[in-house]
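Trainee:
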Amino acid sequence: MNKAGSMKPYQQVSRSAKLFLHLFFVAFSLACIMPIVLIVSISISDEKMLTLKGYKFWPDVIDLSAYRFLFTDSSTLLKAYGVTLTVTCIGTILAVLLIAMYAYPIFRKDFPFKKFFNIYLLITMLFSGGLVPFYLLYINYLDLRDSLIALILPGLSSAFYIFITRTFFQQTIPEEMIESGKLDGASEWRIFFQLVLPISLPVLATIGLFTTLMYWNDWFNSLLFINDTDKFSLQYVMIQMIRQAEFFKNQLAGSGVALLVRETVPTESLRMAMVVVSIGPILFVYPFFQKYFTKGLTIGAIKG
Amino acid sequence: MAIQSTVNTSIKPAHSRRQSGIVRLLRNIVKYRVLLFMLLPPAIVFFINCYIPMFGVFIAFKNINYVDGIMGSPWTGLDNFRFLFATSDAWRVTINTVAYNISFIVSGLILSVAVAIAINEVRAKIASRFYQTVMIMPNFLSMVVVSYIVYAFLHPEYGFLVKYVLPLFGHTSVNAYMHPQAWPYILWLTKMWHSVGIGSVIYLAAITGISEELYEAAVMDGASKWQQIIRITIPLLTPVMVILTILNLGGIFRSDFGLFYHVTLDSGALRSTTDVIDTYVYRGLIQLNDLGMSSAANFYQSIVGFFLVIGANGLARKLNRDSALF
Chain F
30 MNKAGSMKPY QQVSRSAKLF LHLFFVAFSL ACIMPIVLIV SISISDEKML
80 TLKGYKFWPD VIDLSAYRFL FTDSSTLLKA YGVTLTVTCI GTILAVLLIA
130 MYAYPIFRKD FPFKKFFNIY LLITMLFSGG LVPFYLLYIN YLDLRDSLIA
180 LILPGLSSAF YIFITRTFFQ QTIPEEMIES GKLDGASEWR IFFQLVLPIS
230 LPVLATIGLF TTLMYWNDWF NSLLFINDTD KFSLQYVMIQ MIRQAEFFKN
280 QLAGSGVALL VRETVPTESL RMAMVVVSIG PILFVYPFFQ KYFTKGLTIG
330 AIKG
Chain Z
107 MAIQSTVNTS IKPAHSRRQS GIVRLLRNIV KYRVLLFMLL PPAIVFFINC
157 YIPMFGVFIA FKNINYVDGI MGSPWTGLDN FRFLFATSDA WRVTINTVAY
207 NISFIVSGLI LSVAVAIAIN EVRAKIASRF YQTVMIMPNF LSMVVVSYIV
257 YAFLHPEYGF LVKYVLPLFG HTSVNAYMHP QAWPYILWLT KMWHSVGIGS
307 VIYLAAITGI SEELYEAAVM DGASKWQQII RITIPLLTPV MVILTILNLG
357 GIFRSDFGLF YHVTLDSGAL RSTTDVIDTY VYRGLIQLND LGMSSAANFY
407 QSIVGFFLVI GANGLARKLN RDSALF
């Protein structure tokens, strides 16, 4: 059979169609990127020019004082970074471990309680108690207000990822391997940690990546449970900043104080610098991990 | 020509004689104690996060006050619901939630599939990879960040659209955060920007799974590109489209809280067109501290949501057994 790669006739589109496709996707890509360019441009703009000329995609005068302010004068940012990093690291490790610990027993064909635990998971995907009882449980019974546990615990129950991991186990881990491990006298824990986990590294990495992103981007739990400024996460600080700016504007508009605030602190560029700093790590690592992201999506699409 | 055939072997579980059940159960528990022990921590987490709140929905039938505690508060029957449905709120947030979700589901489906088919025709590997990378990137930004992006365009004084684009059409100094009628469009655009790219990558995965031989045969028969798309790609994608859509329909009573809460900056002036069940429950719970109303709305959302998921799954099962969730 002739394997001419991309020369197969059925794969070809006409030249004009090709041009159109590329034009379309260049436009689409620009639509995805330009809003972020706008944010970056505002963050490095001179404050006076911003108030004069508004937000533009290219700064008239480049001024990095917003970043200087963020990194030198702002313990809020550093604290928030600390909170987000702590929550993300602990949360991701715990989540991946718990997912694997649930997925492995229900993958084992000989495990007699398999069906029960499958249904136990499935129910959580179907029925949700909703926000109010969840909130009351965390606040009134578990007493987790202003505790970092309230930012970690809610992210640890993902039935969907457990099912994905189980499917991966079914496709890659042969029964005989576990049998032979048992015959060699390895304990269940040893089989789990030394045989099963190393083989399933690809799926665990993908899930870990998604979980990292989920914790990094989480603002909802902070919104519900955190009042203590020392425990604000990055996302929550951003929520506060956008609301406070509006607050200042509404309260102080017209009075001299508004001008005073604007003179001393570069509020407009500062807020956007905050956004850039919060998405920086994601945008930086994202191209390297894109392969895994796509893979993870595909795994999810096969059996959702 | 390779003939692909998939063999499904299903092994019937051996019928085990029912020994005295409890002895058997105990023996199994002892035998599999390590696996059970392994399951325990995640199972407890699910119990806390999912199961306790499920039973908690019944606080909607109570008049909660903090003096008596949740358990001790008196039962009030349907009073909370009577209050909820006596206002126009319940109707408004339901309509908003369902209308937004339907528009998101329908247009998300059409746009994602169209983009997936188009990118499948981009044969240059590097270009295709680049487009995909960029397209799914918005999905990795949190709704808080998205709210800043929208704000950068719509800021009442400095926003790019307000300052540079709208004046071209004769509108000067528009405060979008005061104009509720504009928000269905703004939110729709924001949602599509955030989700079409990633949706199309999922459909692209399904398209690449289609056997090349079908297209080869079609070309032999003289089919044009359009005919191939309409006669092969779309029909073979239909099962995936149907399933994803049905599952989305099951979630039609839940909405993307961040989109409706952050992107609108929780502006009171926009409530008539942007208030959905989730924001309504949240506001009742956190800002207004009106537990009766919010727990009633919460119960309403959970119960209707439950029947929708069951119904959606039943529909999926009827169309294709394998594609049902359970």
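Just so you know, the sequences run in chain order F and Z.
Per the working numbering, residue 30 is the first one in the first sequence, and the count goes up by one each step.
Per the working numbering, residue 107 is the first one in the second sequence, and the count goes up by one each step.
We put the beta carbon where it would ideally sit given N, CA and C, even for glycine.
On a predicted model such as this, the values are computed, not experimentally measured, just so you know.
1) Of the choices Pro295(F), Glu208(F), Phe163(F), His51(F), whose alpha-carbon is the least far from that of Ile176(Z)?
2) Please name the residue, chosen from Leu350(Z), Leu260(Z), Leu397(Z), Pro290(Z), that lies closest to His277(Z) on a Cα-to-Cα basis.
3) Whole angstroms is fine: what's the gap from Tyr257(Z)'s alpha carbon to Leu293(Z)'s?
4) How would you label Glu318(Z), buried or exposed, when you count the other beta carbons within 10 angstroms and need 16 or more for buried?
5) Kindly list, in the order they appear in chain F, the residues whose Cβ is closer than 9 Å to that of Gly162(Z).
6) Give me the subset of the region 78-98 of chain F whose CB atoms are less than 8 Å from a CB atom of chain Z, sorted by chain position.
7) For Asp257(F) and Ile392(Z), I'd like the C-alpha separation in whole angstroms.
8) Find out if the Cβ-Cβ distance for the pair Val199(Z), Val382(Z) is shorter than 8 Å.
9) Hey, which unbroken runs of the alpha helix (DSSP H) at 4 residues or more fall wholly within the region 200-255 of chain F?
10) So that I know if they touch, is there some Cβ in chain Z lying closer than 8 Å to that of Ala308(F)?
11) Taking only three categories from DSSP, how would you classify Trp299(Z)?
12) With Thr278(Z) as the anchor, note down where its alpha helix (DSSP H) starts and where it stops.
13) Assuming Val228(Z) and Leu173(F) form a contact by the criterion Cβ under 8 Å, report the distance between their Cβ atoms to the nearest whole angstrom.
14) Determine, using beta carbons only, whether Asn250(F) comes closer than 8 Å to chain Z.
15) Mark Trp181(Z) as exposed unless 16 or more other C-beta atoms lie within 10 angstroms of its C-beta, in which case mark it buried.
16) Just mark Glu204(F) as buried or exposed, buried being the case when its beta carbon has 16 or more other beta carbons within 10 Å.
17) Would the region 218-232 of chain Z count as touching the region 303-321 of chain Z if we require 3 or more Cβ pairs under 8 Å?
18) Output, in sequence order along the chain, the residues in the region 399-415 of chain Z whose CB is closer than 8 Å to any CB in chain F.
19) For Ala282(F), decide whether its Cβ has a neighbour in chain Z, counting only Cβ atoms nearer than 8 Å.
20) Using a Cβ-Cβ cut-off of 7 Å (strictly less than) and excluding sequence neighbours within five positions of Lys424(Z), which residues of its own chain qualify?
21) Would a C-beta distance cut-off of 8 Å place Ala166(Z) and Phe405(Z) closer than the cut-off?
22) Could you work out which residue in Val302(Z), Leu217(Z), Met249(Z), Thr379(Z) is closest to Trp289(Z) when comparing CA atoms only?
23) Taking Lys47(F) as the reference, give the member of Lys331(Z), Leu131(Z), Ala323(Z) with the closest Cα.
24) Taking just the CA atoms, how far does Met243(F) sit from Phe156(F)?
25) At a CB distance below 8 Å, what residues from the region 57-70 of chain F approach chain Z? Give them in sequence order.
26) Would Ile255(F) and Ser253(Z) qualify as a contact pair, given that the criterion is a beta-carbon distance under 8 Å?
27) Once DSSP output is grouped into helix, strand and coil, what is the label at Ile308(F)?
28) What did DSSP end up calling Ser400(Z) once you bin it into helix, strand or coil?
29) Does the CB of Asn155(Z) have a neighbour CB from chain F at under 8 Å?
30) Assign Val212(Z) to buried or exposed, taking buried as 16 or more other Cβ atoms, counted over all protein chains shown, within 10 Å of its Cβ.
31) Quick one: does Val151(Z) have its CB under 8 Å from some CB of chain F?
32) Say whether chain F places a C-beta atom closer than 8 Å to the C-beta of Glu227(Z).
33) How about Ile311(F) and Phe246(Z): do their beta carbons lie closer than 8 Å?
34) Under the DSSP definition of a beta bridge, which residues are partnered with Trp294(Z)?
35) Select from the region 180-191 of chain F all residues with a C-beta closer than 8 Å to any C-beta belonging to chain Z, and list them in chain order.
36) By how many angstroms is the C-alpha of Arg377(Z) removed from the C-alpha of Met284(Z)?
Mentor: Based on what the coordinates show:
1) Reading the second sequence from its first residue, position 70 is the one you call residue 176(Z). Residue Phe163(F) is the option with its Cα nearest to Ile176(Z).
2) Walking along the second sequence from the start, residue 277(Z) turns up at place 171. Checking every option, the nearest Cα to that of His277(Z) belongs to Leu260(Z).
3) Reading the second sequence from its first residue, position 151 is the one you call residue 257(Z). Reading the second sequence from its first residue, position 187 is the one you call residue 293(Z). Spanning the two alpha carbons is a distance of roughly 12 Å.
4) In the second sequence, counting from the first residue as 1, residue 318(Z) sits at position 212. Glu318(Z) should be labelled exposed.
5) As a working mapping, residue 162(Z) is identified with position 56 in the second sequence. Result: Gly158, Gly159, Val161, Pro162, Phe163, Leu165, Leu166.
6) Under the 8 Å Cβ criterion, the region 78-98 of chain F contributes Leu79, Thr80, Lys82, Gly83, Tyr84, Lys85, Phe86.
7) The residue given as residue 257(F) occupies position 228 in the first sequence. The residue given as residue 392(Z) occupies position 286 in the second sequence. Rounded to the nearest angstrom, the two C-alpha atoms are 16 Å apart.
8) As a position in the second sequence, residue 199(Z) is number 93, starting the count at 1. As a position in the second sequence, residue 382(Z) is number 276, starting the count at 1. Cβ distance < 8 Å, so Val199(Z) and Val382(Z) count as in contact.
9) 204-212, 230-245, 249-254
10) The residue you call residue 308(F) lines up with position 279 of the first sequence. Inspection of the sequence shows that residue 308(F) is occupied by Ile rather than by Ala. Yes, Ile308(F) counts as interfacial toward chain Z.
11) On the second sequence, residue 299(Z) is found 193 positions in, with the first residue counted as 1. The answer is helix: DSSP assigns Trp299(Z) an H, G or I state.
12) Working through the second sequence from its first residue, we reach residue 278(Z) at position 172. From DSSP, Thr278(Z) is part of no alpha helix (DSSP H); its letter is neither H nor E.
13) Counting from 1 along the second sequence, the entry for residue 228(Z) is found at position 122. Counting from 1 along the first sequence, the entry for residue 173(F) is found at position 144. 49 Å between Cβ atoms; not a contact.
14) To locate residue 250(F), count along the first sequence from 1; it is residue 221. Not an interface residue.
15) Here residue 181(Z) refers to the residue found at position 75 of the second sequence. Flag for Trp181(Z) reads exposed.
16) Taking the first sequence and counting its residues from 1, one reaches residue 204(F) at position 175. Exposed, since its Cβ has fewer than 16 Cβ neighbours within 10 Å.
17) yes
18) Within the region 399-415 of chain Z, contact with chain F at the beta-carbon level (separation under 8 Å) is assigned to Ser400, Ser401, Asn404, Phe405, Gln407, Ser408, Gly411, Phe412, Val415.
19) Against the first sequence, residue 282(F) aligns to sequence position 253. Reliability of the predicted coordinates at Ala282(F) is poor, the pLDDT of 48 falling under 50, and no value is obtained from them.
20) One-based indexing of the second sequence puts residue 424(Z) at position 318. Excluding its 5 nearest sequence neighbours in each direction, Lys424(Z) has no C-beta neighbour in its own chain below 7 Å.
21) Taking the first residue of the second sequence as position 1, residue 166(Z) is located at position 60. Taking the first residue of the second sequence as position 1, residue 405(Z) is located at position 299. Yes, they are a contact pair.
22) Translated into the one-based positions of the second sequence, residue 289(Z) becomes position 183. Trp289(Z) has its Cα closest to that of Thr379(Z), out of Val302(Z), Leu217(Z), Met249(Z), Thr379(Z).
23) For the purposes of this step, residue 47(F) is taken as the residue at position 18 of the first sequence. In terms of Cα proximity to Lys47(F), the closest of Lys331(Z), Leu131(Z), Ala323(Z) is Lys331(Z).
24) On the first sequence, position 127 is the one that residue 156(F) refers to. On the first sequence, position 214 is the one that residue 243(F) refers to. Between Phe156(F) and Met243(F), the C-alpha separation is close to 21 Å.
25) Phe57, Ser58, Ala60, Cys61, Ile62, Pro64, Ile65, Leu67, Ile68
26) Counting from 1 along the first sequence, the entry for residue 255(F) is found at position 226. Counting from 1 along the second sequence, the entry for residue 253(Z) is found at position 147. No, they are not a contact pair.
27) Numbered from its first residue, the first sequence carries residue 308(F) at position 279. Shown here, Ile308(F) sits in a helix according to DSSP, grouped into three states.
28) Position 294 of the second sequence, counted from the start, is the residue given in the question as residue 400(Z). If DSSP states are grouped into helix, strand and coil, Ser400(Z) belongs with the helices.
29) As a first step, residue 155(Z) is located in the second sequence; it is residue number 49 there, counting from the start. So yes, Asn155(Z) belongs to the interface.
30) For the purposes of this step, residue 212(Z) is identified with residue 106 of the second sequence, where counting begins at 1. Exposed.
31) Walking along the second sequence from the start, residue 151(Z) turns up at place 45. Output row for Val151(Z): interface = yes.
32) On the second sequence, residue 227(Z) is found 121 positions in, with the first residue counted as 1. Using a CB distance cut-off of 8 Å, Glu227(Z) counts as an interface residue toward chain F.
33) Sequence index remark: in the first sequence, residue 311(F) carries index 282 (1-based). Sequence index remark: in the second sequence, residue 246(Z) carries index 140 (1-based). Taking 8 Å as the Cβ cut-off, Ile311(F) and Phe246(Z) qualify as a contacting pair.
34) Your numbering for residue 294(Z) matches position 188 in the second sequence. For Trp294(Z), which the question treats as bridged, DSSP gives no partner whatsoever.
35) Leu182, Pro183, Leu185, Ser186, Ala188, Ile191
36) Residue mapping note: residue 284(Z) aligns to position 178 of the second sequence, counting from 1. Residue mapping note: residue 377(Z) aligns to position 271 of the second sequence, counting from 1. A straight line joining the alpha-carbon of Met284(Z) with that of Arg377(Z) spans about 10 Å.
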